[in-house]
Amino acid sequence: LFPKKKFNKDQSSIICRQCKKNQNAERCKQPTKSQIKQGRKNEAGVARRPNNFGYCNYVDQLFSLDCFPDIVALKAFTSAKDVSESMAAIQAACQHGLLKDDKNA
């Protein structure tokens, strides 16, 4: 069916796994591993939060609340995960009309 000569790889074209991944990423117009490690940059070239930092929207919202010092005093949240889950639940309730918010009022 298929001639073996056509599918034999050149010994000179053997490359490591990471180089192969980088070639595939460039071919598919995706960031390479070294580009991912450097983090995201905006149009001006200023580095933003690195990719492994996560999104802190809910934590930032909690910090901006007027009652934040009271929440800290109660020790209500033990981790950022707890904050994210709670703030996401509040945001979902506001968006779906279960709670009144300044934006939805």
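Just so we're aligned: -4 in this note's numbering is position 16 of the sequence shown, and the numbers increase by one with no gaps anywhere.
Note that CB positions come from ideal geometry on N, CA and C, so glycine has one too.
Find out if the Cβ-Cβ distance for the pair Lys13, Gln(-2) is shorter than 8 Å. yes
Can you say whether Val26 is buried or exposed, counting buried as having 16 or more other CB atoms within 10 angstroms of its CB? exposed
Going by DSSP in three states, Ile(-5) sits in which element: helix, strand or coil? coil
Are the CB atoms of Ser64 and Tyr38 nearer to each other than 8 Å? yes
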